[in-house]
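See below for the structure under consideration.
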Amino acid sequence: MAETINMPKLGFDMAEGTLVRWVKKVGETINKGEVLAEIETDKATVEVESTAAGVVRLLLVEQGAVVPVNSPIAVVGTADEKIEAPNTSQMSKVEGPAATVPEQIPIPAAGTASAPVAGPVKASPLAKKIAREQSLDLSQIQGSGPGGRIVRRDIEAALQTMDRGPLTVANVSSSVVHRPSSAADETVGMSKLRQAIARRMSESKTSIPHFYVSHEYKMDALMDLRAQFNRIVPEDEKLSVNDLIVRAVALTLRQFPNLNASLNGNSVLRHGQVNVGIAVSVEGGLLTIVCRGADQKPLRQISAEVKAMAARVRLGKVKPEDIEGSTFSISNMGMYDVENFAAIINPPEAAILAIGSARQVPVVDEGVLKVGWRMKATISVDHRVSDGVEAAKFMQALALYLEEPLRLVL
1387 MAETINMPKL GFDMAEGTLV RWVKKVGETI NKGEVLAEIE TDKATVEVES
1437 TAAGVVRLLL VEQGAVVPVN SPIAVVGTAD EKIEAPNTSQ MSKVEGPAAT
1487 VPEQIPIPAA GTASAPVAGP VKASPLAKKI AREQSLDLSQ IQGSGPGGRI
1537 VRRDIEAALQ TMDRGPLTVA NVSSSVVHRP SSAADETVGM SKLRQAIARR
1587 MSESKTSIPH FYVSHEYKMD ALMDLRAQFN RIVPEDEKLS VNDLIVRAVA
1637 LTLRQFPNLN ASLNGNSVLR HGQVNVGIAV SVEGGLLTIV CRGADQKPLR
1687 QISAEVKAMA ARVRLGKVKP EDIEGSTFSI SNMGMYDVEN FAAIINPPEA
1737 AILAIGSARQ VPVVDEGVLK VGWRMKATIS VDHRVSDGVE AAKFMQALAL
1787 YLEEPLRLVL
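Sequential numbering of the sequence shown, starting at 1387, is according to my numbering.
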């Protein structure tokens, strides 16, 4: 029996998505779980998997169409059954080319790179900046980003193919030889991701009463355990400090269901699963990848899953489950030598933990001055859901796992 595939809802605030590329054509066989299309949301380009196995019979929207969530986009069925186009009443909000496409007319799938076209050139702010500095004509560059958008890797590829000649006094710009003049003002458009971050963080900060609790952790035992582990495993299986923190946080949240929760009107929804969201830096902003059931997984599994998801995010090839469903988030800026900071809660979650650097500092231990590993962390909590005492107890309980890390492997 034919099954309709709908535009998925990826996040509680997602209203629509842009269908960037059909991976499958009409008439092609597709398995359940196989990628059918790529869509662009405010957060990322996401691969949409088919929820049915069979033959692609109808593609209901064209590439480039902006489609409301839960609207039908394709029909999968058997090769010989009679197919009727689904009810497309919701499609009235579709922007761009959209239609009920006859089953015998295939919609061609686009390649990963789009040829230059007339009109405004789509490029990321960073790509525009590099192109301007290198005097590159963006209209002559093919974009490999969503919808043909030119991104940094396209600029770098173009520069590698150009013969710029040797650097001599004759071809060095006057701005290098002489004292440079003041730079002109520049207005840079915000990417969809940056706009989404701006909107969500503004809503969070203005509507959620944040409060903060900080704690300093002794990290000597954890750093030693990590070093021992990494000496005996292959390079691609080495643990990061963040991997250990994710498991420690997940185990601690078992004791504090009020912090692994979301506000739902006048009630609090305590989540049965502990799905730890991890902020990952991408071009133009941040995305949160989700380690599901982190309290049930061993360290090596957490590490492998986080590495794989982070790689997909940075390639712009995330899966819906990579970025949705977190119940508590971690923002770790330790790799940037940050001592301490406070993060904004990622709604609808009740709390987020901000992690600073693990660093060697002078410490007093039982009256003796020595060098020790210390790390500061700050939890931001929704005061409608919890209070300072509970947050402080959570931070104390977290110390049990971070300062006695053998508990993380038991």
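All residues carry an ideal CB built from backbone N, CA and C; glycine is no exception.
Is it true that the CB of E1589 sits closer than 8 Å to the CB of E1733?
Taking the first residue of the sequence shown as position 1, residue 1733 is located at position 347. Taking the first residue of the sequence shown as position 1, residue 1589 is located at position 203. Going by the sequence as given, residue 1733 is Pro instead of Glu. Between P1733 and E1589, the gap from beta carbon to beta carbon is short of 8 Å.
Give the secondary structure of A1375 by DSSP, where H, G and I count as helix, E and B as strand, and everything else as coil.
What the structure shows of the chain is the stretch from 1387 to 1796, and residue 1375 is not part of that stretch, so it cannot be assessed.
Please state if the CB of I1738 and the CB of V1699 are separated by a distance shorter than 8 Å.
Taking the first residue of the sequence shown as 1, we reach residue 1699 at position 313. Taking the first residue of the sequence shown as 1, we reach residue 1738 at position 352. In this structure, I1738 does not lie closer than 8 Å to V1699 by Cβ.
Is G1702 near T1431, with beta carbons less than 8 Å apart?
To locate residue 1702, count along the sequence shown from 1; it is residue 316. To locate residue 1431, count along the sequence shown from 1; it is residue 45. Contact: yes.
Check this for me: beta carbons of V1635 and R1612, under 8 Å apart or not?
Position 249 of the sequence shown, counting from 1, holds the residue named residue 1635. Position 226 of the sequence shown, counting from 1, holds the residue named residue 1612. Not a contact, by the Cβ cut-off of 8 Å.
Assumed close pair K1508, I1536 - CB separation to whole angstroms, cut-off 8 Å:
Numbered from 1 along the sequence shown, position 122 holds the residue referred to as residue 1508. Numbered from 1 along the sequence shown, position 150 holds the residue referred to as residue 1536. Right, the Cβ-Cβ distance comes to about 7 Å (below 8 Å), so this counts as a contact.
Range of the contiguous beta strand (DSSP E) that encloses R1443
Looking up residue 1443 in the sequence shown gives position 57. Per DSSP, R1443 belongs to the beta strand (DSSP E) from 1440-1445.
Who are the near neighbours of N1616 in its chain, counting only those whose CB is closer than 7 Å to its CB and skipping five residues on each side?
Here residue 1616 corresponds to residue number 230 of the sequence shown, with the count starting at 1. Closer than 7 Å at the Cβ level, and outside the excluded window around N1616, lie K1624, L1625.
Cβ atoms of I1688 and V1632: under 8 Å apart, would you say?
To locate residue 1632, count along the sequence shown from 1; it is residue 246. To locate residue 1688, count along the sequence shown from 1; it is residue 302. With contacts defined by Cβ atoms closer than 8 Å, V1632 and I1688 form a contacting pair.
What does the alpha-carbon distance come out to for the pair I1731 and G1671?
Locating residue 1731 in the sequence shown gives position 345, counting from the first residue. Locating residue 1671 in the sequence shown gives position 285, counting from the first residue. When rounded, the distance between both Cα atoms is 16 Å.
Mind reading off the beta-carbon distance from V1462 to G1440? Whole number of angstroms is fine, and I expect it under 8 Å.
Reading the sequence shown from its first residue, position 76 is the one you call residue 1462. Reading the sequence shown from its first residue, position 54 is the one you call residue 1440. Contact annotation, V1462 with G1440: C-beta distance approximately 5 Å; criterion of less than 8 Å satisfied.
Grab the span of the beta strand (DSSP E) containing S1766 for me, first residue to last.
For the purposes of this step, residue 1766 is taken as residue 380 along the sequence shown, with counting starting at 1. It spans 1754-1768 - the beta strand (DSSP E) in which S1766 sits, taken as one unbroken run.
Identity of the residues DSSP links to H1596 by a beta bridge
As a first step, residue 1596 must be located in the sequence shown, where it is residue number 210. For H1596, the pairing in a beta bridge is given by DSSP as D1768.
Quick one: is Y1722 buried, meaning 16 or more other Cβ sit within 10 Å of its Cβ, or exposed?
The residue you call residue 1722 lines up with position 336 of the sequence shown. Exposed: under 16 other Cβ atoms inside 10 Å.
What residues in its chain sit with their C-beta under 8 Å from that of E1414, if we drop five residues either side in the sequence?
Counting from 1 along the sequence shown, the entry for residue 1414 is found at position 28. Correct list, in chain order: V1441, V1442.
Would you check if the region 1394-1413 and the region 1706-1720 touch, i.e. whether three or more CB-CB distances between them fall below 8 Å?
By the C-beta criterion, the region 1706-1720 is judged to be in contact with the region 1394-1413, since at least 3 inter-stretch pairs fall below 8 Å.
Could you give the C-beta distance for S1772 and N1644, rounded to a whole number, given that I count them as a contact under 8 Å?
Here the question's residue 1772 lines up with position 386 in the sequence shown. Here the question's residue 1644 lines up with position 258 in the sequence shown. Here S1772 really is in contact with N1644; their C-beta atoms are around 5 Å apart, less than 8 Å.
Taking DSSP as the reference, what is the three-state secondary structure of K1779?
On the sequence shown, position 393 is the one that residue 1779 refers to. Note: K1779 maps to helix in three-state DSSP.
Going by Cα to Cα distance, which pick from A1680, G1651, V1668 is closest to G1658?
In the sequence shown, the residue the question calls residue 1658 occupies position 272. The residue with the shortest Cα to Cα distance from G1658 is A1680.
V1555 by DSSP, collapsed to three states: which one?
Reading the sequence shown from its first residue, position 169 is the one you call residue 1555. Residue confidence is low: V1555 scores 40 on pLDDT, short of 50, so the model does not pin down where it sits. Its coordinate-derived value is still stated next. Here V1555 carries a coil assignment [DSSP, helix/strand/coil].
Please report the straight-line C-alpha distance between D1610 and G1758, rounded to a whole angstrom.
Translated into positions along the sequence shown, residue 1610 becomes position 224. Translated into positions along the sequence shown, residue 1758 becomes position 372. Those two C-alpha atoms are separated by around 12 Å.
Proximal residues to I1541 (C-beta, below 8 Å), its chain only, five neighbours per side dropped:
Within the sequence shown, the letter at position 155 stands for residue 1541. Its chain contains A1513, I1516, A1517, Q1520, L1522, I1527 as the residues whose beta carbon lies nearer than 8 Å to that of I1541, once the 5 sequence neighbours on both sides are disregarded; these appear in chain order.
May I ask you to report which of helix, strand or coil DSSP gives F1642?
The residue labelled residue 1642 in the question sits at position 256 within the sequence shown. Three-state DSSP puts F1642 in coil, outside helix and strand.
Look at V1406 and E1426 and say whether their C-beta atoms are less than 8 Å apart.
In the sequence shown, residue 1406 corresponds to position 20, counting from 1. In the sequence shown, residue 1426 corresponds to position 40, counting from 1. For V1406 and E1426, yes; Cβs fall inside 8 Å.
Going by beta carbon distance, what residues of the same chain come within less than 8 Å of S1510, once the five residues before and after it are set aside?
What you label residue 1510 is simply residue 124 of the sequence shown in a count that begins at 1. Excluding sequence neighbours, S1510 sits near G1531, R1535, I1536, V1537, R1538, S1577, E1669, G1670.
Thinking C-alpha only, which one of K1410, L1786, T1390 is nearest T1638?
Along the sequence shown, read from residue 1 onward, the residue named residue 1638 stands at position 252. Closest by alpha carbon: L1786.
If you draw a straight line from the alpha carbon of A1729 to that of A1740, how long is it in whole angstroms?
Counting from one through the sequence shown, the residue named residue 1729 turns up at place 343. Counting from one through the sequence shown, the residue named residue 1740 turns up at place 354. In this structure, the CA atom of A1729 is about 6 Å from the CA atom of A1740.
Is it the case that the Cβ atoms of I1664 and I1583 are separated by a distance below 8 Å?
For the purposes of this step, residue 1664 is taken as the residue at position 278 of the sequence shown. For the purposes of this step, residue 1583 is taken as the residue at position 197 of the sequence shown. In this structure, I1664 keeps its C-beta atom at 8 Å or more from the C-beta atom of I1583.
Taking C-beta to C-beta, are L1524 and D1428 nearer than 8 Å?
Translated into the one-based positions of the sequence shown, residue 1524 becomes position 138. Translated into the one-based positions of the sequence shown, residue 1428 becomes position 42. No, they are not a contact pair.
Three-state secondary structure (DSSP) at A1744?
Within the sequence shown, the letter at position 358 stands for residue 1744. Residue state, collapsed to three classes: strand.
At the level of alpha carbons, what is the spacing between A1438 and N1646?
Sequence index remark: in the sequence shown, residue 1438 carries index 52 (1-based). Sequence index remark: in the sequence shown, residue 1646 carries index 260 (1-based). Going by the C-alpha atoms only, they are around 33 Å apart.
Can you tell which of N1661, G1774, N1652 has its C-alpha closest to the C-alpha of R1859?
The structure shown has nothing for residue 1859, since the chain only spans 1387 to 1796.
Per DSSP, the bridge partner or partners of P1733:
Residue mapping note: residue 1733 aligns to position 347 of the sequence shown, counting from 1. DSSP lists no partner for P1733.
Determine the direct distance from the alpha carbon of L1545 to that of E1391, and round the result to whole angstroms.
Looking up residue 1391 in the sequence shown gives position 5. Looking up residue 1545 in the sequence shown gives position 159. The sequence as given places Ile at residue 1391; Glu does not occur at that position. Our two residues, I1391 and L1545, have alpha carbons roughly 41 Å apart in a direct line.
Use the C-beta contact count for L1794: other C-beta atoms within 10 angstroms, 16 or more gives buried, fewer gives exposed.
Counting from 1 along the sequence shown, the entry for residue 1794 is found at position 408. Answer is buried; the Cβ neighbour count reaches 16.
Please confirm whether V1747 and R1760 have their CB atoms less than 8 Å apart.
Along the sequence shown, one-based indexing puts residue 1747 at 361. Along the sequence shown, one-based indexing puts residue 1760 at 374. Yes, Cβ-Cβ distance for V1747 and R1760 is below 8 Å.
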